[in-house]
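Let me begin by presenting the structure, written as structure tokens, before commenting on it.
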Amino acid sequence: MSAGTAPDGSHAGIAGLCEQIRGALEGWVPRLLGVHVHGAVSGLAEVARLVAAVADAAELTVLPGDGELARAELHTAAARAFAAADEPSGTDARAELAAVRAGCRRAAVAVGLSVPVAF
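Residue numbers for the sequence shown follow the working numbering, beginning at 626 and rising by one.
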């Protein structure tokens, strides 16, 4: 599976992708940016707000590594998350969410964190 494609299997649905994004952010955002990542997200709009909050916090924080790249990745991910949330009902937003997940992963790598690779 490429980082930019929608996954197959148990995390193939919108809820699974939303949870993957939340879980990935929960792993590094609270300690690096001070943003609370609550225990569950309930849909595309909430994921978009979460990623946007992380991107906004990154603007106010001195980041290790390539902080500018991390900020750019987070802002792009937030824009894609809002685009997915704005899609008409019934539209498959998995590809957009997979891109959001990939952007969040690239941001983590840019600040020097190890990110597990899934196939």
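Even for Gly, the Cβ is constructed at its ideal location relative to N, Cα and C.
Residue closest to residue i, alpha-carbon to alpha-carbon, out of the options
i: T701; options: L685, S714, P713 and V679; result: V679
i: E684; options: G652, A697 and V672; result: A697
i: E693; options: A733, T716 and E644; result: A733
i: E651; options: I639, G638 and V672; result: V672
i: R674; options: D711, G641, R731 and T716; result: D711
i: A670; options: F707, D717, A723 and H661; result: F707
i: L699; options: T716, D681, P713 and S714; result: D681
Buried versus exposed, by CB contacts within 10 Å (16 or more), residue i
i: L658; result: buried
i: C729; result: buried
i: R705; result: buried
i: V654; result: buried
i: A727; result: buried
i: V687; result: exposed
i: A709; result: buried
i: G737; result: exposed
Short Cβ contact (8 Å threshold) for residue i with residue j
i: I646; j: V725; result: yes
i: G690; j: A649; result: no
i: V676; j: A703; result: yes
i: C643; j: G668; result: yes
i: R719; j: I639; result: yes
Proximity test, Cβ basis, 8 Å: residue i and chain C
i: D711; result: The chain inventory of the structure shown lacks chain C, comprising one protein chain alone.
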